[in-house]
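S.K.: Just so we're aligned, residue 107 is where the sequence shown starts under my numbering, counting upward by one.
C-beta: ideal position from N, C-alpha, C; glycine also.
Owing to the predicted nature of the structure, the values given are computational and were not obtained by experimental measurement.
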Amino acid sequence: MQDYRGRLAPSPTGHLHVGHARTFWIAYERARAAGGVLVLRNEDLDPQRSKAEYARAFIEELRWFGIEWREGPDLGGPFAPYSQSERSDWYVHAWRKLYQGGWIYPCTCSRKDLAEAAQAPHESNDEPMYSGKCRGQKLQVDRPTGVNWRFRVPDGRVVRFRDGAQGEQQYTAGKDFGDFVVWRRDDVPAYQLAVVADDCAMRITEVVRGCDLLKSTARQILLCEALGIAPPAYYHCDLLVDERGERLAKRTDALSLRALRAKGIRPEQIRENWLGLRIAGDAKT
Ligand code: GLU
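(1) Is it buried or exposed for Lys321, if we count other Cβ within 10 angstroms and need 16 for buried?
(2) Quick check on the burial criterion: 16 or more other C-beta atoms within 10 angstroms. Buried or exposed for Glu104?
(3) Apart from the five residues on each side of it in sequence, which residues of its chain come closer than 7 Å, Cβ to Cβ, to Ser362?
(4) Since Tyr340 sits in a beta bridge, which residues does DSSP pair it with?
(5) Just how far apart, CA to CA, sit Glu135 and Pro179?
(6) Just confirm the distance between the C-beta atoms of Gly125 and Leu346, as a whole number of angstroms; I'd bet it's less than 8 Å.
(7) Please list, in chain order, all residues of the same chain as Thr391 whose beta carbon is under 6 Å from its beta carbon, the five residues on each side excluded.
(8) With a threshold of 6 Å, establish whether the CB of Glu177 neighbours any heavy atom of ligand 1.
(9) Is Pro338 near ligand 1, with its Cβ less than 6 Å from a heavy atom?
(10) Would a C-beta distance cut-off of 7 Å place Tyr197 and Ala307 closer than the cut-off?
(11) Identify every residue that forms a DSSP beta bridge with Trp100.
(12) What residues are listed by DSSP as bridge partners for Thr278?
(13) Assign Tyr134 to one of three DSSP states: helix, strand, or coil.
(14) So Leu112 packs on Leu144, CB below 8 Å; how close in whole Å?
(15) To the nearest angstrom, report how far apart Ala389 and Arg364 are at their CA atoms.
(16) With a Cβ-Cβ cutoff of 7 Å, do Phe257 and Val288 count as a contact?
(17) Taking C-beta to C-beta, are Ala127 and Phe171 nearer than 7 Å?
(18) Please tell me whether, using a cut-off of 6 Å, the distance from the CB of Val347 to the nearest non-hydrogen atom of ligand 1 is below it.
(19) Alpha helix (DSSP H) containing Tyr110: first to last residue?
(20) In chain order, which continuous runs of the alpha helix (DSSP H) of length 4 or greater are located wholly inside the stretch 131-185?
(21) Less than 8 Å between C-beta atoms, sequence neighbours within five positions excluded: which residues of the same chain meet that for Lys244?
(22) Counting Cβ pairs closer than 8 Å, one from the stretch 367-374 and one from the stretch 333-351, do we hit at least three?
(23) Taking buried to mean at least 16 other C-beta atoms within 10 Å of its own C-beta, is Ala158 buried or exposed?
(24) Since Ile210 sits in a beta bridge, which residues does DSSP pair it with?
(25) Quick one: residues in its chain with C-beta nearer than 6 Å to the C-beta of Val253, no 5 flanking neighbours on either side, listed in chain order?
(26) Within the same chain, show all residues whose beta-carbon is closer than 6 Å to that of Val264, passing over the 5 residues directly before and after it, in chain order.
(27) In three-state DSSP terms, what is Thr391?
(28) Measuring only the C-alpha atoms, how far is Glu166 from Ile327?
(29) Give the secondary structure of Ser230 by DSSP, where H, G and I count as helix, E and B as strand, and everything else as coil.
(30) Tell me where the alpha helix (DSSP H) around Ile376 begins and ends.
(31) Looking at the structure shown, is Ser117 part of a helix, part of a strand, or coil, going by DSSP?
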């Protein structure tokens, strides 16, 4: 069997809250139980929304919380660099493989979803279904710059996978999601492409993350197929929700690790019952 390699992949777009801490704790425990390696990856892909101070903060807060990783932006490691803003060569390489294989097309539509493509779609920011208007467009280039690129999904294709926590999953391309963005015209790769390229390059064997990313997993499996790589195993955790049943957001400052720590609350107390917050398994988006 392959040695277990897991990852923590926070985006430095705000302070981590107790919901992140729970997912990352599960990732840590799974890596530890398997006697494997945990990698910390700084997903600072989106230059407009990422801030170095949040990356410094998550390193400090995760460590305070008791999570240990073996490779990361702070420690280095065999697959450095561990910050996405420094990994554009890997993304261009993946883009080129998709381009040469005829899997993607240039899209000249200007839409709001393009601005959000560098972010993982956790909330209502999932990409709207694209009409396919630019399907069939072609462009001779050797770099992605200057135009948006979309992955052409095989309409009607059912993507099935077994999730370690949520069981059997299936999503239909062209119905549950449409042709998704892989590269923005301002030269920012999309989350979906970057995460697949990085998980492959860093030899991640299991992806542990929140269950609001289940549908993204279906997209990522299609990207893996197109790139000719074996997808990792997936384990999508249930999410903590607030009293209204809504997913915690980075802006819920009272539940940030930073605020809890400042109040003198210990990590063990948080882990005892996750502050009494509800856990919802149906928070699919
Ligand atoms: N960086 C993403 C986020 O914090 C997580 C992506 C993933 O785990 O695949 O939203």
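M.R.: The relevant details are as follows:
(1) buried
(2) Look at the range of the chain in this structure, 107 to 391, and you will see that residue 104 is not part of it.
(3) Result list for Ser362: His121, Leu122, His123, in chain order.
(4) Within the DSSP bridge table, the entry for Tyr340 names Asp269, Val313 as partners.
(5) 21 Å
(6) Indeed, because the Cβ distance is near 4 Å, the residues count as touching under 8 Å.
(7) A caution first: Thr391 carries a pLDDT of 39, below 50, which makes its placement in the model too unreliable to give a value.
(8) No, the beta carbon of Glu177 sits no closer than 6 Å to any heavy atom of ligand 1.
(9) no
(10) no
(11) A query on residue 100 cannot be resolved here, the shown segment of the chain reaching from 107 to 391 and no further.
(12) Val264
(13) Secondary structure of Tyr134 (DSSP, three-state): helix.
(14) Note that residue 112 is Gly in the sequence shown here, rather than Leu. Taking C-beta atoms under 8 Å as the contact rule, Gly112 and Leu144 qualify, at a distance of about 5 Å.
(15) Annotation note: pLDDT 43 at Ala389 (below 50); position unreliable, no value reported.
(16) yes
(17) yes
(18) Val347 Cβ: outside cutoff for every heavy atom of ligand 1.
(19) Unbroken run through Tyr110: none, as it is neither H nor E.
(20) 158-171
(21) So the list reads Tyr211, Pro212, once near-sequence residues are dropped.
(22) Contact fails: fewer than three Cβ-Cβ distances are below 8 Å.
(23) exposed
(24) Phe257
(25) Pro212, Arg291
(26) Gln276, Thr278
(27) Residue confidence is low: Thr391 scores 39 on pLDDT, short of 50, so the model does not pin down where it sits. Its coordinate-derived value is still stated next. The answer is coil: DSSP assigns Thr391 none of H, G, I, E or B.
(28) 33 Å
(29) coil
(30) Following the DSSP letters along the chain, one finds Ile376 inside the alpha helix (DSSP H) bounded by residues 373-379.
(31) coil
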